[in-house]
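Line order of the protein sequences matches chains A and B.
Be aware that the first sequence starts at 1, since it is given in our numbering, and climbs by one per residue.
Be aware that the second sequence starts at 116, since it is given in our numbering, and climbs by one per residue.
We treat Cβ as the ideally placed atom computed from N, Cα and C, and that holds for glycine.
If you're wondering where the values come from, they're calculated on a predicted model, not measured in any experiment.
Report on one structure; see the data block that follows.
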Amino acid sequence: AQKVTQAQTEISVVEKEDVTLDCVYETRDTTYYLFWYKQPPSGELVFLIRRNSFDEQNEISGRYSWNFQKSTSSFNFTITASQVVDSAVYFCALSLMDSNYQLIWGAGTKLIIKP
Amino acid sequence: EAGVAQSPRYKIIEKRQSVAFWCNPISGHATLYWYQQILGQGPKLLIQFQNNGVVDDSQLPKDRFSAERLKGVDSTLKIQPAKLEDSAVYLCASSFGRTTDTQYFGPGTRLTVL
Numbered sequence: 001a002q003k004v005t006q007a008q009t010e011i012s013v014v015e016k017e018d019v020t021l022d023c024v025y026e027t028r029d030t031t032y033y034l035f036w037y038k039q040p041p042s043g044e045l046v047f048l049i050r051r052n053s054f055d056e057q058n059e060i061s062g063r064y065s066w067n068f069q070k071s072t073s074s075f076n077f078t079i080t081a082s083q084v085v086d087s088a089v090y091f092c093a094l095s096l097m098d099s100n101y102q103l104i105w106g107a108g109t110k111l112i113i114k115p
Numbered sequence: 116e117a118g119v120a121q122s123p124r125y126k127i128i129e130k131r132q133s134v135a136f137w138c139n140p141i142s143g144h145a146t147l148y149w150y151q152q153i154l155g156q157g158p159k160l161l162i163q164f165q166n167n168g169v170v171d172d173s174q175l176p177k178d179r180f181s182a183e184r185l186k187g188v189d190s191t192l193k194i195q196p197a198k199l200e201d202s203a204v205y206l207c208a209s210s211f212g213r214t215t216d217t218q219y220f221g222p223g224t225r226l227t228v229l
């Protein structure tokens, strides 16, 4: 089965706290891509990152970082020193050859940053 | 570079009426997608175009939904007649060309069917 699990439905933290959003995926393919998108209240899905299965290097972009671990089939996303503007729904997605590289979406995690 | 454009942003109609949504992808992007996103869920792919040809429309309810991309650029998605369960956000996305390319999304059209 190919699927993406985001077990955290909603997370609420106070501004400036660090927060990690979990993403676990299932696939037997050896070639696949993982994505994170942000969906603020305005509704637009904003692309954050794309990783291919052969690149396990962690990525850091400002306050955002991603930890890709094939051994645990996880692609977790950490926001350091969270800000109110980070409040949004975050989606993890998987694309692979067996599905014609169409995006397989997780259910999303709603992140609330309180001032 | 301009992003994916969609219009209208909001639409309210009565059930059994018709509605159309428009999408203009990022310039140079050959692949265009329409998604339906029901509140609290991830997006569901309705149809995928490569230039003006349909790649996948397996999840498009063809008895009431139709989509076209006549010149390989703009696209329209139509619902006729609308049902209450069609209330959702309709998202358009585009990618450069290969199926492995990243998809970039427009702001979406929020449809309410009363």
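Query                                                                                                       : Result
Contacting positions in the stretch 121 to 155 of chain B - beta carbon closer than 7 Å to chain A          : none
Chain B within 8 Å of A/Arg50, Cβ atoms only                                                                : yes
CB of B/Ile128 within 8 Å of CB of B/Val228, strictly                                                       : yes
Three-state secondary structure assigned by DSSP to A/Thr78                                                 : strand
Simplified DSSP state of B/Ser209, which is helix, strand or coil                                           : strand
CB contact check: A/Tyr33 to chain B, cutoff 8 Å                                                            : yes
Buried/exposed call for B/Arg184, threshold 16 Cβ in 10 Å                                                   : buried
Cβ shell of A/Glu15 (< 8 Å), same chain only, five flanking positions each side left out                    : Ser82, Gln83, Val84, Ile113, Lys114 and Pro115
Inter-residue spacing [alpha-carbon to alpha-carbon] between A/Ser42 and B/Pro222                           : 8 Å
C-alpha distance - A/Arg63 paired with B/Ser209, whole-angstrom precision                                   : 27 Å
Option nearest B/Ser173 by Cα separation, candidates A/Cys23, A/Thr109 and A/Ser99                          : A/Ser99
Amino acids of chain C, ordered along the chain, whose beta-carbon sits closer than 9 Å to that of A/Gln102 : This model lacks chain C altogether, as its protein chains are A and B.
Bridge partner(s) assigned by DSSP for B/Cys138                                                             : B/Gln121 and B/Ser190
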